[in-house]
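**Student:** For reference, the structure I am asking about is given below.
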Amino acid sequence: MASPKLMTSFLGSSSSTGISQDPLECHVVVFLTVISALISRPSISVMITPQTPLERLQQTLQHVHHQSAPPASKQLSIVHGPTEPELLDITLGELLTLQSLQYRHQECLVVPWTGTRWTYGDLDHESQLVARGLLAMGVQRGDRIGIMAGNCEQYVSMFFAAARVGVILVVLNNTYTPSEVYYALNHTECKFLFITPKIGRHSIVEVLETLGPLPKTNGKSESLEEILILRGEYSGFKTYNDVIKRGLEMPADALLNREDELNPHDVCNLQFTSGSTGNPKAAMLTHHNLVNNSRFIGDRMNFTQFDILCCPPPLFHCFGLVLGLLAVITHGAKIVYPGETFDPKAVLHAISDERCTALHGVPTMFEAILSLPRPDNFDCSNLRTGIIAGAPVPRPLMKRLLEELNMTEFTSSYGLTEASPTCFNAVTTDTIHTRLTTVGKVMPHAHAKIVDSKGNIVPVGQRGELCMAGYQLTKGYWKNPEKTAEALVTDENGVTWLRTGDEACFDSQGRCTITGRFKDIIIRGGENIYPLEIEERLAAHPAVSLASVIGIPDPKYGEVVGAFIQLEQQHARPSDEELRAWTRQKLGYHKAPQYIFVFGEEGVSSTVPVTGSGKVRKVDLREMAAKVLEDRKRKMKEGSGM
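Going by the UniProt record's numbering, the first residue of the sequence shown is number 1, and it counts up by one from there.
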């Protein structure tokens, strides 16, 4: 009997010609539909034991739903991604080799700020040269190598070179202070570090001067043997080019032998979470995680070899690395990194000059891009898609992307570092409303549920904590079993779930809406207030370009609403009462901000504090608010003569 997949194809091709008028043909189509459904449902009389806990869970749930479908109001918030396409079981090095064989002479990587244009063949060759250099330096499978630099071609080749030789690449946040760099290097016991003396306007010279070129030799580190300059030069330090020269002494088969030893399920990447309190945690990600997640991301945007992605997010973050670089590589497409760090003017030029078809970014990036005048002869007619993620997206911003940048096929997305990262992503054919209000459906081979505070799955439509399971989960946090145990919880069926810490809800079709971070929820007089809806309402005001809402401690209510706003250029500042009235037009009286802070006024920074990946740092906003309110209180006392 034909497989369900073949039957689905047959049905699809029949329906494309219109509705048949032949009764016999109609009966055949109906018959095939029923047979296909029967084949795909689990047998009631004969249950086949699944291979994994996830398969067992999924089969049990399907069996329950087929036996007695509950009323819609009782439908539970648990969803399973498609099982096609199948998961690939290859390493990152094998991925690049395969793609370079198919697209060898096609452009792969463009870096306008360095003047670099590499084909797939160029990238494959360069990464092999660097990989041989790493072998000559004595790196062993499982060693850690750190990297701290802006978006450049050397970063990309180093990423693949490290993967080829089986080392774990530790990507360091470009905005780290020296103390944060030292912590990350010591925590992961990096053997080598590739770095640049400065990244944009951020100087790293203090790190170079403090540690020197040979930190372990001079007693500055227990594990870090050498620091090398990834791009450019710095007195006394070896460089990226020196590594390539070392590799020329290695026999070519040395690299082939090392690659043969590797397993796709080896950890290849440590990504630090951008936590706002305490030391950051390093999530362990594998080749298998990254290859498959990036492939599915590209699929959701309908990427082909003819697409050109403009990617401002940094390579040290999953957004720039997985949703950007690897989503492109898996589809034979081209990626453009417009600047060393985020530069909205460079982004506009790259979109136009390179005829980009896609653009990635977090909301603050898109706000900055849209705030600038367009360059002469600006052309975004090829632009169609891209991902906006990393933080809740205000609806007014989404609408501007459609109207001003032609991103009619933009997709909303949700993910986190520990899930490699994407969990949900809309598709380009979803309605605008769906893409404005949800992050789409769960990704292939992923599983998601929403639970209450006791761990029970909640009914569809009810809010709770989003939990994820599937191939893409991190292996845990590096050298941090306590935090790993908190984040990864195995249920009674043997399924391991990642607790995301994000509040969400599902609709009856399985689409997900992220309603906020649990730690950001404001509890005013015992009532939960969700910052996102207030941020969206404030951002819809003509004078407001960005809004970020936090809870302010209050002796009566526990917490009240505080709002930070950034004004649109050439707009007068609306009064606090006008903004409160604007909020109350759509939201409840208690949701109007009691305190309003404007960036650039009365002790508030003129720039929005963001993480290296572009997320607003609400911990900084809380500190600013406390300081401003204390100053206001002091001035009131002085004014009253007390």
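Glycine is no exception: its CB is placed at the ideal position from the N, C-alpha and C atoms.
#1: Hey, could you find the ends of the alpha helix (DSSP H) W497 is sitting in?
#2: Assuming M250 and R164 make a contact with CB atoms under 8 Å, what is their CB distance in whole Å?
#3: Residues in its own chain within less than 6 Å of L546 by CB, not counting five upstream and five downstream?
#4: Determine the extent of the beta strand (DSSP E) in which E261 is found, giving its start and end residues.
#5: Suppose you measure from the CA of I297 to the CA of L372; what does that come to, to the nearest Å?
#6: Give the secondary structure of P178 by DSSP, where H, G and I count as helix, E and B as strand, and everything else as coil.
#7: What does a CB cutoff of less than 6 Å around G639 pick up in its chain, not counting 5 residues either side in sequence?
#8: So, at 6 Å on beta carbons, what are the nonlocal neighbours of E126 in its own chain, with the 5 sequence-adjacent residues on each side left out?
#9: Buried or exposed: which applies to S235, given that a residue is buried once 16 or more other Cβ atoms fall within 10 Å of its Cβ?
#10: Whole angstroms are fine: how far does the CA of A426 sit from the CA of D491?
#11: At the level of alpha carbons, what is the spacing between A626 and S548?
#12: Please state if the CB of E189 and the CB of R144 are separated by a distance shorter than 8 Å.
#13: Using a Cβ-Cβ cutoff of less than 7 Å, which residues in the same chain neighbour C311 once the five nearest sequence positions on both sides are dropped?
#14: Under 8 Å, do N174 and P280 count as touching if we go by C-beta distance?
#15: Does M365 pass the burial test, meaning 16 or more other C-beta atoms within 10 Å, or should it be called exposed?
#16: Just grab the DSSP bridge partners of H148 for me.
#17: Between which two residues does the beta strand (DSSP E) holding S100 run?
#18: If you draw a straight line from the C-alpha of I48 to the C-alpha of T474, how long is it?
#19: Would you mind sorting C152 into buried or exposed? The rule is 16 or more other CB atoms within 10 Å of its CB.
#20: With C-beta atoms as the reference, is G166 less than 8 Å away from R258?
#21: Measure the CB-CB distance between T357 and H331 and report whether it falls below 8 Å.
#22: Given a threshold of 16 other Cβ atoms within 10 Å of its Cβ, counted over all protein chains shown, does T333 qualify as buried or as exposed?
#23: Entirely within the segment 397-441 and at least 4 residues each: give me those alpha helix (DSSP H) ranges in chain order.
#24: Using only alpha-carbon positions, find the residue among R355, G501 and I369 that is nearest to A346.
#25: For a test of the three-state rule: what should DSSP assign to A346, helix, strand or coil?
#26: Sort out for me which residues DSSP pairs F564 with in a bridge.
#27: Cα separation between T607 and P344?
#28: For a test of the three-state rule: what should DSSP assign to I297, helix, strand or coil?
#29: In angstroms with no decimal places, state the Cα-to-Cα distance between G476 and K198.
#30: Do I168 and V267 have their beta-carbon atoms positioned less than 8 Å apart in this structure?
#31: Whole angstroms are fine: how far does the CA of K483 sit from the CA of M636?
#32: Would you kindly check if the distance between the Cβ of I147 and the Cβ of V171 is under 8 Å?
#33: With distance defined between alpha-carbon atoms, name the residue in R395, K633 and N480 nearest to I432.
#34: In chain order, what residues of the same chain lie with their CB nearer than 8 Å to the CB of V46, ignoring the 5 residues before and after it?
#35: Mind checking who K334 pairs with in its DSSP beta bridge?
#36: Excluding the 5 residues preceding and the 5 following D576 in the sequence, name in chain order all residues of the same chain whose CB lies nearer than 7 Å to its CB.
**Tutor:** Here's the rundown:
#1: Unbroken run through W497 is the beta strand (DSSP E), T496 to F506; no alpha helix (DSSP H).
#2: About 12 Å separates the two Cβ atoms, so there is no contact after all.
#3: E367 and Q566
#4: Premise fails: E261 lies in the alpha helix (DSSP H), A252 to E261, not in any beta strand (DSSP E).
#5: 29 Å
#6: helix
#7: none
#8: S157
#9: exposed
#10: 28 Å
#11: 15 Å
#12: yes
#13: G320, G324, I335, V336, Y337 and H360
#14: no
#15: buried
#16: Inspection of the sequence shows that residue 148 is occupied by Met rather than by His. Paired residues: I195.
#17: Premise fails: S100 lies in the alpha helix (DSSP H), L92 to Y103, not in any beta strand (DSSP E).
#18: In this prediction, I48 scores a pLDDT of 30, lower than 50, which makes its location untrustworthy; no coordinate-derived value is stated.
#19: buried
#20: yes
#21: no
#22: Note on identity: in this sequence residue 333 is Ala, with Thr being the wrong assignment. Classification for A333: buried.
#23: 432-437
#24: I369
#25: helix
#26: S548 and F597
#27: 15 Å
#28: helix
#29: 31 Å
#30: yes
#31: 45 Å
#32: yes
#33: R395
#34: Interpretation of V46 is limited by its pLDDT of 29, a score under 50 that renders its predicted location unreliable; no figure is taken from the coordinates.
#35: I308
#36: I596
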